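Novice: In terms of the UniProt record's numbering, the sequence shown opens at residue 1 and continues consecutively. Ideal Cβ positions, reconstructed from N, Cα and C, are used throughout, including at glycine. This structure is a prediction, so every number in the text was calculated from the model and none was measured.
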Amino acid sequence: MRAILHQVELKDFKTYGGKVLVGPLKSFMSVIGPNGTGKSNFLEAILFALGAKIDELRVNRPGELIHKAATGKPASKNAYVTVVFKHDDGTFSKFRRLASRSAQEYLFNGEAVSLGRYLSELKNLGINVKGKNFFVYQGRVEEIAVMNAKERTALFEEISGSNEYKKEYEQLKVEMSNIGSETQSNFVKQRTFKNEYKDAKLMRKEAQNFEQLSKDLVDKTTLLRLFKLFHIDEAYKIHQEKKSEKDKLLEEEKSTKKADEAKLKRAKKSLGVAERALASMEDQVQEKEKEINKKLPKLLKDKEQLSHIGKKISTAQLSLQQAQKAHEKHADIMKSLGRELSKVEAEQQSYENQIAEESISQGRDVELEQSQADEYNELKRQAIRSSVSIQQQLETLTRELRAAQDQIDCKKRKYTELEIKIKQREHEKEEEIKRLEKISAHILSNEKELEELKERSISATDITVLKRQMDEMQHELNEVLSELRDAQSDRNEHSDLNRKYKVMQKLKDLYPGVYDRLINLCEPIHSKYKIALTKVMGKWVDAIVVDKETTARLCIQFLKAQMMQPEVFLPLDYIEVKPIRDALRSIKGASLVYDVIRFNPSEIKKAVVFATKSVLVCETDKEASQVAYETYPDRQLDVVSLDGIYYQKSGLISGGMNHLVQKSKQWDEKLLNQLKERKEHLTESLKSLAKQIRLESESNVSLEIKGYNTRIAVMKTDVEKTKSKIASVDMTLHELQMKLQDLEPQITEAEREIQIRDVEIKRLDRQLRFIEDDVFGQFCQNIGVANIRAYEEGGLRSQKERLEARMEFEERKTRIQNEIEYQKTVDTEANIKRWSDEVEIRLEALAKAQRAIEEHDSFIATDQSELEQYKEQAANQKKEVASAKQAKHELEKIMKSKCEAVHTLQQELLSVESEMERLINARRLLLIDCKAEGIVIPLLQGDLESLAAGRSESTSETSSTASDIVIDYGDLPDNLKNIDEEIVKENEENLKHAVLSLHKKLGSLKVPNLRAEETLDETSKKLRETAVECKESREKAKQIAENFERIKRKRFDKYMDLLDFVSEKIDSIYKGITQSNSAMALISAENPEEPYLSGVRYDCIVPGKACKPMEILSGGEKTIASLALLLAIHQYGSTPCLILDEVDAALDNTNIGKVVRYLSQMKENFQTIAVSLRGEYFGEVDGLVGITRHLQDGDQPKSLVFLLDLEVYPRDEE
């Protein structure tokens, strides 16, 4: 029975305030309205009433669905939506869903029902809430078209309802798998127990055979033990006799050796006394030489000082002469300036007298009567009143002019002062340059004299150079010895150092292709990398690098032949090396281990890369962890920290600080041999130099050379200081010149401003003159002058000229006085006094130095005489030491032969004792083995129980234990007793072979099981139980398979009902929408047997185009394809209505028309309600739901709904 959505009632739902009734609704309707008016809220209201979840309605809580009240008005407590469906028979189904702030209620036909009942009633109408077969969200259309096959399968399962059986299907499938495994396990157990039953039958026969062989083995083993013990006892008796003979011979040799030792001791004592006396004499010679050598530098220093003082005296005397000349020149300058100043002052006084005389003689040219004077004063006041503003401007400009003039005068004074300072600095610079030239000339002359002196003193210079080389070598030797002591401090911890060194030397000598150990060929660029490098290289650090694989094999053969410890080799032509990954060098905070190693020669690069790989090294453990695991998201790196924590890309992390610190000392140990070689080389070089140097005083020429060098060094230092001073003066000159340059534009600007003001003053003066001419015109005619200014300025002009003359005199005086003040600052007398004092001091120092040289010469001569005496005594003592050494050497030869004889006897005795000890231990071990194995040995005396196992006894310990045991050899056949040694070994091998043969036979047999019967019963019982379990598992598997097939069929039928329906309908729907018979739409399952386990293919052929994948279709084509699929699914199950939210957004006008026409044709089959903003769509529907926004003052905006029935309008009146 068909039903349609007839009416929608909303109360306080979102933007719909109060109660809103929308209906009756037509079969083909459109919802229209501006954006933001509530169109989507209207569709969400229908969804809400049809059971949609809260989070599908763009809210988080039910309370957010309630319309918000205006400020000051009561808020609604709940919201509800009611949808009414009308059936073909005229009946109605009414669904209401109510939401409060904390709960929801469901009503069906006015009756409160549960959510399950509510959804069930909706499902009876064909509305699948979960599958949303009645609603298409905005923007969802294209997503449906481009769903992948799996997603379409999930959609079809939801719509068809086949997912109801999904859980039970999967559970039964798992049970089928489990029961199959259980059945197989039972079959395996049954087969195993059958095999065990067969094995139990063979145990009894094997036990009998085993017992017989065991008895034979005990008899043969007892005979073998008796045979060995008998011949051990016989050999022990023979070695006892040999030991007695060797002891007697050894005592005789020792007594002879003791007498020779006494003679050698006395000879050594005599030699020691002679050598100590010689050492004492040599010490005296060395001490005296040291005293002479200590005094020689002092003598040299005094002679250098004497020469230096002489030069200083000459320089000081020359400087004194120059200072005196400068003082005389300065006095002349001061006198000249004084005369010039007196001359200027006299000229100024003469001018002042002349002015006074002119003033007296001139008087006034024009005399006025009293009435004319009154008239002049009145007219003057009148002129002032008429020109008061001009006068004020003129006074202002005049004041500004004076201020500007004062400013420019100040700047000119500064300018003059700067010029004076510049002259002073230039003069100072000239003096320093002259001094520099003088010192440079002295240096050149001294250097020339030094070269000439060196040409005459080559031998003395060679001695000096040799002594300096000897001092440098001695210093280097001391450093090497210190390093050697430090390196040897840990030698006990690395006792195999010498062994490795000797092995390496032998291999290098034998085979040219051997380079060295890897640790000796490379080293870290900094000591902080030692631990990390040790960790990364691992076992390769001591590996021997060779050029070829054949060289490595030859080395290995040599080590085996010499019975040396095995070594690891790295043949450069054999090892496979991956290239260094250069990209790792760009990682911040990390470096390649390869990059922190220095190695030599370059040919071993391949071995270094092989040992270090592309491992990175970081400063800290944290940085290493980050670089290893976070640099690349898809893979890890090999990284090691400085403290040896190694993060490998396999996930393994390793470390061990103490072990690595101990092992990293190998990098220090490799220096030990180098230090030894360096020590030997330096020692030999020192001996060679000592022979070349003659213990004699250095010549006076050498002293003079040192004196010249010292003076040249001092003068060069003076040159540097003078250059520095000149540079400082240049800098000061530059600063003064910059200041002077800054003042020049300022003075020019001030003069320009004065000119501007002067022009303005002249303009105002002309205006003032015009006013005065107008006021004083008649008065000037009466007194007979051209104008009033001729009367007033007669005295003013002469006054101005006098002022200018006075200023000129003052400027000349100021300039001369500034120069005098500067000359006063130049203290030439102090310079004369300073150099005079310097000459006196140097002369006193010269006399003192001469006295010191005489004293040192006297002391050195005395020491030289004593040194010759000491040398003569030492030479005589050396002869005595040589004689004593010869006597000692002869006695040592005799003693050596005696020691060798004693040593030979001791070795032979030790060999006999060792053999006796071996025989005792062998006898004891045989007896302990017999005791442990339970072998009964016939005894005449003693007990095997008294022997303690696991302890090796000495001869004395054994005499009270194993030697107390006397064995009865009566059971031993005579043919095995008195026989030769070769026959003994042959018989022993035969007995061992017989015992071994019995052992093999017993080893090939299994130990018999005494519980064979019980095992057989247990196996039979297990077989019966397993048969029952197999039968039960088969029945259970059959039942599960039947249930699985039943559920599978139900799921398949439901799924295929929808798939077949859609497959049948979709092509006609797609053709109807596109209005083209060339269009084609196909739906097919990828897995026909169980389609819900695979995907669903959906292919469309657009009219006029080739078949293309759905993903590359245009937006409009995807929308058409999606609508076709949605309409096909919608028609399945007779869904009462189809709600679309702006599905035409991606369609052009033509496609919209096609969709509208198709939906209009199908309105008799189902109801369509769509939100659309396109006139091409809503112009073709039967009715419109218009939604707008209404807003009042102080109220919340509300959505208003209007219905318009378009069926009342003819189609031709659009």
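Find the nearest neighbour of T932 within the set Y106, P1103 and R225, judged by alpha-carbon distance.
Specialist: Taking the sequence shown and counting its residues from 1, the one referred to as residue 932 is at position 932. First, the amino acid is wrong: residue 932 is Ala here, not Thr. Considering only alpha carbons, the answer is R225.
Novice: Excluding sequence positions up to five away, which residues of its chain have a Cβ less than 6 Å from the Cβ of F92?
Specialist: By 1-based counting over the sequence shown, the position of residue 92 is 92. Result list for F92: V84 and K86, in chain order.
Novice: So, under 8 Å CB-CB, I1169 and L5 are touching, yes? Tell me the CB distance rounded to an integer number of Å.
Specialist: For the purposes of this step, residue 1169 is taken as residue 1169 along the sequence shown, with counting starting at 1. For the purposes of this step, residue 5 is taken as residue 5 along the sequence shown, with counting starting at 1. Confirmed, about 7 Å.
Novice: Distance check for Y574 and T183, CA to CA, integer angstroms please.
Specialist: For the purposes of this step, residue 183 is identified with residue 183 of the sequence shown, where counting begins at 1. For the purposes of this step, residue 574 is identified with residue 574 of the sequence shown, where counting begins at 1. Near 56 Å, if we compare the C-alpha coordinates of Y574 and T183.
Novice: Out of curiosity, what's the CA-to-CA distance linking S459 and K721?
Specialist: For the purposes of this step, residue 459 is taken as residue 459 along the sequence shown, with counting starting at 1. For the purposes of this step, residue 721 is taken as residue 721 along the sequence shown, with counting starting at 1. Here the model assigns S459 a pLDDT of 48, short of 50, so the residue's position is not dependable and the matter cannot be decided.
Novice: With H, G and I counted as helix, E and B as strand and the rest as coil, what does DSSP make of R581?
Specialist: Here residue 581 corresponds to residue number 581 of the sequence shown, with the count starting at 1. It is coil, neither helix nor strand.
Novice: Report buried or exposed for N186, applying the criterion of at least 16 other Cβ atoms within 10 angstroms of its Cβ.
Specialist: Mapped onto the sequence shown, residue 186 falls at position 186. Buried, because 16 or more other Cβ atoms sit within 10 Å of the Cβ of N186.
Novice: Is M334 helix, strand or coil by DSSP?
Specialist: Here residue 334 corresponds to residue number 334 of the sequence shown, with the count starting at 1. Three-state result, M334: helix.
Novice: Would you kindly work out how many angstroms separate the C-alpha atoms of P1197 and G38, rounded to a whole number?
Specialist: Your numbering for residue 1197 matches position 1197 in the sequence shown. Your numbering for residue 38 matches position 38 in the sequence shown. Taking the straight line from one Cα to the other gives about 10 Å.
Novice: Between V273, I587 and L616, which has its C-alpha nearest V596's C-alpha?
Specialist: Counting from one through the sequence shown, the residue named residue 596 turns up at place 596. That would be L616, whose Cα lies nearest to the Cα of V596.
Novice: Would you kindly report the start and end of the unbroken alpha helix (DSSP H) that includes A1106?
Specialist: The count along the sequence shown starts at 1 and reaches residue 1106 at position 1106. Counting along the chain, A1106 falls outside any alpha helix (DSSP H), and DSSP gives it neither H nor E.
Novice: Would you call the stretch 838-853 in contact with the stretch 303-310, where contact means no fewer than 3 C-beta pairs closer than 8 Å?
Specialist: Yes, since at least three Cβ pairs between the stretch 838-853 and the stretch 303-310 fall closer than 8 Å, the two stretches touch.
Novice: Just to confirm my understanding: we take V285, look at its own chain, exclude 5 residues before and 5 after, and list those with CB closer than 8 Å. What are they?
Specialist: Position 285 of the sequence shown holds residue 285. Excluding positions up to five away in sequence, the list reads L867, Y870, K871 and A874.
Novice: Work out the CA separation of C522 and N600 for me, nearest whole Å.
Specialist: For the purposes of this step, residue 600 is taken as the residue at position 600 of the sequence shown. For the purposes of this step, residue 522 is taken as the residue at position 522 of the sequence shown. C-alpha separation (whole angstroms): 6 Å.
Novice: Please go through the same chain and pick out, in chain order, the residues whose beta-carbon is closer than 8 Å to the beta-carbon of L796, but skip the five residues on each side of it.
Specialist: Position 796 of the sequence shown, counted from the start, is the residue given in the question as residue 796. The predicted model places L796 with a pLDDT of 44, which falls under 50 and marks its position as unreliable, so this point remains unresolved.
Novice: Taking the C-alpha atoms as reference points, what is the distance between I544 and L572?
Specialist: Reading the sequence shown from its first residue, position 544 is the one you call residue 544. Reading the sequence shown from its first residue, position 572 is the one you call residue 572. Cα to Cα, I544 sits roughly 11 Å from L572.
Novice: With H, G and I counted as helix, E and B as strand and the rest as coil, what does DSSP make of L98?
Specialist: By one-based count along the sequence shown, residue 98 stands at place 98. Strand, per DSSP.
Novice: Between E810 and R769, what straight-line distance do the alpha-carbon atoms span, to the nearest angstrom?
Specialist: What you label residue 810 is simply residue 810 of the sequence shown in a count that begins at 1. What you label residue 769 is simply residue 769 of the sequence shown in a count that begins at 1. Distance between the alpha carbons of E810 and R769 is about 34 Å.
Novice: Which value, in whole angstroms, describes the spacing of the CA atoms of M731 and Q305?
Specialist: As a working note, residue 731 is residue 731 in the sequence shown. As a working note, residue 305 is residue 305 in the sequence shown. Straight-line Cα distance between these residues: approximately 37 Å.
Novice: Counting only the same chain and skipping the five closest in sequence on each side, list residues whose C-beta sits under 7 Å from that of K268.
Specialist: Mapped onto the sequence shown, residue 268 falls at position 268. The residues are K888.
Novice: Could you check which residue in E603, K613, G644 and C1137 has the C-alpha nearest to that of E623?
Specialist: Residue numbering aside, residue 623 sits at position 623 when the sequence shown is read from its first letter. The shortest C-alpha separation from E623 is found at G644.
Novice: Give me the residue from V1208, P1210, I1187 and Y1209 with the minimum Cα distance to F1202.
Specialist: The residue you call residue 1202 lines up with position 1202 of the sequence shown. The candidate whose alpha carbon is nearest that of F1202 is I1187.
Novice: Do you know whose CA, among K824, A262 and L518, lies nearest D542's CA?
Specialist: In the sequence shown, residue 542 corresponds to position 542, counting from 1. Ranking K824, A262 and L518 by Cα distance to D542 puts L518 first.
Novice: If we ignore side chains and look at the alpha-carbon of each, how far apart do E1035 and V188 end up?
Specialist: Translated into the one-based positions of the sequence shown, residue 1035 becomes position 1035. Translated into the one-based positions of the sequence shown, residue 188 becomes position 188. Going from the Cα of E1035 to the Cα of V188 covers about 18 Å.
Novice: Which partner residues of R757 appear in the DSSP bridge assignment?
Specialist: On the sequence shown, position 757 is the one that residue 757 refers to. Partner(s): none; R757 has no beta bridge.
Novice: Taking Cβ to Cβ, would you say L436 is nearer than 8 Å to K723?
Specialist: For the purposes of this step, residue 436 is identified with residue 436 of the sequence shown, where counting begins at 1. For the purposes of this step, residue 723 is identified with residue 723 of the sequence shown, where counting begins at 1. Between L436 and K723, the C-beta gap is smaller than 8 Å, which places the two residues in contact.
Novice: Taking DSSP's pairing of strands, which residues face F13 in a bridge?
Specialist: For the purposes of this step, residue 13 is taken as the residue at position 13 of the sequence shown. Y16 and I66, per the DSSP bridge assignment.
Novice: So what's F1166 in DSSP terms, helix, strand or just coil?
Specialist: Translated into positions along the sequence shown, residue 1166 becomes position 1166. F1166 falls in the coil class under three-state DSSP.
Novice: If you draw a straight line from the C-alpha of D1099 to the C-alpha of L98, how long is it?
Specialist: For the purposes of this step, residue 1099 is taken as the residue at position 1099 of the sequence shown. For the purposes of this step, residue 98 is taken as the residue at position 98 of the sequence shown. One C-alpha to the other measures close to 43 Å.
Novice: Within 10 angstroms of the Cβ of S489, are there 16 or more other Cβ atoms? Answer buried if so, exposed if not.
Specialist: As a first step, residue 489 must be located in the sequence shown, where it is residue number 489. Because the pLDDT at S489 is just 43, under 50, the model does not fix this residue reliably, and the point stays unresolved.
Novice: Buried or exposed: V174, going by 16 or more other Cβ atoms within 10 Å of its Cβ?
Specialist: Indexing the sequence shown from 1 puts residue 174 at position 174. With fewer than 16 Cβ atoms within 10 Å of its Cβ, V174 is classed as exposed.
Novice: DSSP on D365, reduced to helix/strand/coil?
Specialist: In the sequence shown, the residue the question calls residue 365 occupies position 365. Interpretation of D365 is limited by its pLDDT of 44, a score under 50 that renders its predicted location unreliable; the figure taken from the coordinates is listed afterwards. Coil.
Novice: For D260 and R266, what's the separation of their Cα atoms in angstroms?
Specialist: On the sequence shown, position 260 is the one that residue 260 refers to. On the sequence shown, position 266 is the one that residue 266 refers to. Distance between the alpha carbons of D260 and R266 is about 10 Å.
Novice: State the Cα-Cα distance for the pair A69 and G18, rounded to the nearest angstrom.
Specialist: Along the sequence shown, read from residue 1 onward, the residue named residue 69 stands at position 69. Along the sequence shown, read from residue 1 onward, the residue named residue 18 stands at position 18. The alpha-carbon atoms of A69 and G18 are separated by roughly 10 Å.
Novice: So for Q391, helix, strand or coil by DSSP?
Specialist: In the sequence shown, the residue the question calls residue 391 occupies position 391. The answer is helix: DSSP assigns Q391 an H, G or I state.
Novice: Are K1154 and Q1075 touching if we call contact CB-CB under 8 Å?
Specialist: On the sequence shown, residue 1154 is found 1154 positions in, with the first residue counted as 1. On the sequence shown, residue 1075 is found 1075 positions in, with the first residue counted as 1. A contact, by the Cβ cut-off of 8 Å.
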